[in-house]
Structure formats: C-alpha cells, structure tokens
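Have a look at the structure below, then the notes.
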Amino acid sequence: MLKTVWLTKQKNDARGGIMLLGGFDGLHLGHRQLLSCAKNSGLPVGIMSIFGGKEREGLFTAFERARIFQENGVDFVFELPFAEIKDLSPTAFLEILIGEFSPAVFVCGEDFRFGMGAQGTPDFLKQATRVRVEVLPLVEIEGKKVSSRTVKELLKKGEIKKANALLGENFFLIGKVEKDRQVGRTLGFPTANIAYPKEKFSLKKGVYESRVCLDGKAYKGITNFGARPTFGDCNEWTETYLDRFDGDLYGREIKVEFVRYLRDIEKFDGVDELKKQLTEDIRRVREND
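In structure tokens form, the structure reads like this:
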C-alpha cells in the first residue's frame with residue numbers, strides 16, 4: 018500500500034514543495050547532495066522511498082529510514098512498495114506523484130530511472146511534465162559511483178569504514194533490547210541483545226567495534242553480529258557489550274552504530290578462552306580514541 022509519512026509537515030503544507038526522486042533506502046553521499054540542493058530552496062522537502070524489491074534489500078528498516086530523514090531535515094516521505102509500482106508505465110508513475118503532492122520541483126540524479134523496465138529517465142521527466150526538474154551529476158569517490166549497491170558490497174566484505182564514508186554516517190541498527198539467556202552476564206560481560214530485522218540488509222557476520230547511543234549519551238561497545246557458535250545458537254542477533262556502562266537495558270531502545278570490523282566469529286573450546294578474547298577486544302576498542 019502506498020503510504021505517506023509526515024515528519025514535520027501536513028499534507029496541505031507539503032504541496033508546492035520539492036520531491037527528491039530515487040530509491041532512498043537510506044542516505045548516502047549522492048542522496049545527501051540532492052537533499053542539500055533541495056533544502057537551500059526553503060520549500061517543503063519530500064523523499065520518494067522505494068522498498069520491498071527483494072528480501073533484505075533495504076539498508077535500513079522503515080523506522081530507521083524515517084529517523085534518518087527527519088534528522089536530516091526531510092518534511093515527508095512517500096513510501097512506495099516495489100511490488101505495486103514495478104509494472105507502472107513512466108507516465109502512470111508520474112501521475113501518482115503529481116496527483117499526490119503537486120510538487121514545484123523534482124530533484125534527481127542523472128542515473129535516475131523509473132517505471133516499468135526502468136524506461137523513465139530525467140529527460141523523460143522534463144518532457145512529460147511542467148514541473149521543474151533539477152538533475153544533479155553523480156557523486157564519485159576514487160572513480161567509482163556512490164550508490165546503495167556499492168555500500169552493500171562493502172558491508173558484505175566487512176569494510177565498514179569505507180561503507181560509513183559513503184553513507185556519511187555510521188551504518189546502524191535501532192531496536193529494543195530483549196531478555197535472552199544472559200550468558201554474557203554470567204561471564205562478566207553483560208550484553209544488550211537485539212534480534213536483527215529480517216528485512217534489513219545483512220552485513221558481514223563478525224565482531225565489531227561499535228558506538229551505542231542511549232538517552233542522548235554515547236558509549237563505546239563491542240558488537241557480535243551473527244550466531245553464537247560457542248553456545249550452539251545459530252540465530253542472527255546483535256549482541257553488544259557497552260563499555261563502562263552499568264544499568265538495566267531490557268525493553269529499552271538503543272542505537273548500535275558499527276564503527277570497525279575487529280575479527281571473525283570464532284568457536285572457543287571453553288568459557289575461559291572466550292573471556293580472554295573479549296578482554297582483548299575491549300582493550301583494542303579503548304585504545305581506538
């Protein structure tokens with residue numbers, strides 16, 4: 018179902034604004050260029066966000082995307098399920114956007130494509146509508162186009178620093194801490210456990226240096242993403258130890274940012290070996306100031 022999420026504006030206030038066109042399953046440097054151009058106008062700014070094309074396609078969940086957009090000054094988001102728009106002609110696709118928002122300006126990148134078979138192009142936009150169309154050049158780093166696909170390739174390889182550089186912020190997960198078997202607590206390393214959303218793109222499994230945001234404060238952390246082979250658990254979780262934090266996190270919402278890939282997940286012969294490795298992980302994280 019097509020849905021509009023109003024972040025700071027109501028429907029009547031959004032008409033005559035600027036609509037940013039693209040996939041927008043998050044914000045990378047290319048998206049941020051479009052947004053910067055739009056925000057300078059002083060008009061309401063909306064984003065078209067397409068989701069659900071493939072399982073685990075989105076870099077961020079719908080809730081996380083809304084948080085990102087709101088923090089970056091977006092007024093409303095038009096969410097488009099891929100299944101409902103994939104067979105629309107470019108003309109029918111445009112009719113939906115214009116009928117819903119009556120935008121004054123469309124802003125897109127030069128590689129933007131839309132409609133069935135990706136037939137719609139920026140040139141088609143200019144010819145098919147009276148709405149002003151601003152087309153911005155691609156953002157490239159080291160000769161390679163900045164795109165969600167590139168970010169995902171880096172995440173899959175564990176190259177989290179490079180992925181974060183293209184995003185313009187740390188790749189993150191937002192979720193509520195669930196009560197688990199409390200294995201970490203018995204080891205002297207209590208952890209905040211969050212089930213990894215099935216719809217969210219899965220980065221390389223491993224142990225990461227993390228930054229945990231809670232109640233306006235940030236803590237250094239160690240996050241295990243994936244299974245817990247030492248204890249025979251094959252489910253996908255993020256299990257985060259907050260350094261120098263003392264408190265109960267069950268049921269609370271936290272934001273876990275992935276900062277640096279530390280190591281692969283290992284199966285240890287015993288608890289003592291695991292504790293020794295966790296102590297070493299903490300030492301490395303504390304030294305990385």
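So in this note's numbering, the last spot in the sequence shown is 306, and the numbers never skip. The C-beta atom is built at its ideal place from N, Cα and C for all residues, glycine as well.
beta-carbon residue i near the ligand ADP non-hydrogen atom, thresh 7 Å
| i | result |
| --- | --- |
| lysine 217 | The ligand ADP is not among the ligands present in this structure, which contains no ligands whatsoever. |
Supposed contact pair residue j and residue i - C-beta distance, whole angstroms, cut 8 Å
| i | j | result |
| --- | --- | --- |
| leucine 190 | threonine 167 | 20 Å between Cβ atoms; not a contact. |
| phenylalanine 285 | leucine 291 | 4 Å |
| methionine 36 | leucine 114 | 6 Å |
| glycine 134 | phenylalanine 110 | That belief does not hold up - the Cβ atoms of glycine 134 and phenylalanine 110 are roughly 12 Å apart, past 8 Å. |
| glycine 126 | leucine 51 | 7 Å |
| leucine 172 | phenylalanine 242 | Actually they do not touch by this definition, with Cβ atoms about 11 Å apart. |
| glutamate 274 | arginine 228 | 4 Å |
| glycine 175 | lysine 221 | 4 Å |
| aspartate 77 | proline 98 | One detail in the question is off: residue 77 reads as phenylalanine in this sequence, not aspartate. Actually they do not touch by this definition, with Cβ atoms about 16 Å apart. |
| leucine 295 | phenylalanine 206 | 5 Å |
| valine 224 | aspartate 298 | 6 Å |
Endpoints, the beta strand (DSSP E) within which residue i is located
| i | result |
| --- | --- |
| glycine 47 | Not the beta strand (DSSP E): glycine 47 falls in the alpha helix (DSSP H), residues 46-56. |
| proline 107 | Run containing proline 107: none in the beta strand (DSSP E); it sits in the alpha helix (DSSP H), 107-118. |
| phenylalanine 275 | 270-280 |
| leucine 37 | 35-37 |
| asparagine 210 | 209-212 |
| serine 66 | 62-68 |
| phenylalanine 307 | Since the displayed the chain opens at 18 and closes at 306, residue 307 lies outside it and no answer follows. |
Burial state of residue i, where buried means 16 or more other Cβ atoms lie within 10 Å
| i | result |
| --- | --- |
| lysine 178 | exposed |
| leucine 38 | buried |
| serine 66 | buried |
| leucine 155 | exposed |
| aspartate 265 | exposed |
| glutamate 72 | Because glutamate 72 sits at a pLDDT of 49, beneath the cut-off of 50, its placement in the model cannot be relied upon, and the following sentence gives the value as read from the coordinates. Exposed. |
| methionine 18 | Confidence at methionine 18 is low in this model, with a pLDDT of 47, below 50, so the placement of that residue should be treated as unreliable; the coordinate-derived value is given next. Label assigned to methionine 18: exposed. |
| arginine 300 | exposed |
| glycine 287 | exposed |
| asparagine 181 | buried |
| arginine 82 | buried |
| serine 119 | exposed |
| arginine 31 | The sequence shown places alanine at residue 31, rather than the arginine named in the question. That one is buried. |
| phenylalanine 129 | buried |
| isoleucine 158 | exposed |
| glycine 160 | exposed |
| glycine 233 | exposed |
| glycine 268 | exposed |
| phenylalanine 80 | exposed |
| threonine 108 | exposed |
Residue interval of the alpha helix (DSSP H) (run including residue i)
| i | result |
| --- | --- |
| valine 302 | 288-304 |
| phenylalanine 99 | 99-102 |
| arginine 228 | From DSSP, arginine 228 is part of no alpha helix (DSSP H) but of the beta strand (DSSP E) over 223-231. |
| phenylalanine 86 | 79-88 |
CB contact flag (residue i, residue j, <8 Å)
| i | j | result |
| --- | --- | --- |
| cysteine 54 | glutamate 151 | yes |
| glycine 90 | leucine 60 | no |
| phenylalanine 86 | glutamate 117 | no |
| glutamate 216 | glycine 75 | yes |
| aspartate 263 | tyrosine 236 | no |
| glutamate 226 | valine 276 | yes |
| asparagine 210 | glutamate 256 | yes |
| valine 22 | phenylalanine 93 | yes |
| glutamate 186 | tyrosine 213 | no |
| serine 165 | glycine 43 | yes |
| arginine 149 | alanine 121 | yes |
| isoleucine 271 | leucine 231 | yes |
Quiz prompt | Residue ranges of each beta strand (DSSP E) within the region 121-149, 3 or longer | solution = 122-126
Quiz prompt | Continuous alpha helix (DSSP H) assignments of at least 4 residues falling wholly in the region 153-185 | solution = 165-173, 177-184
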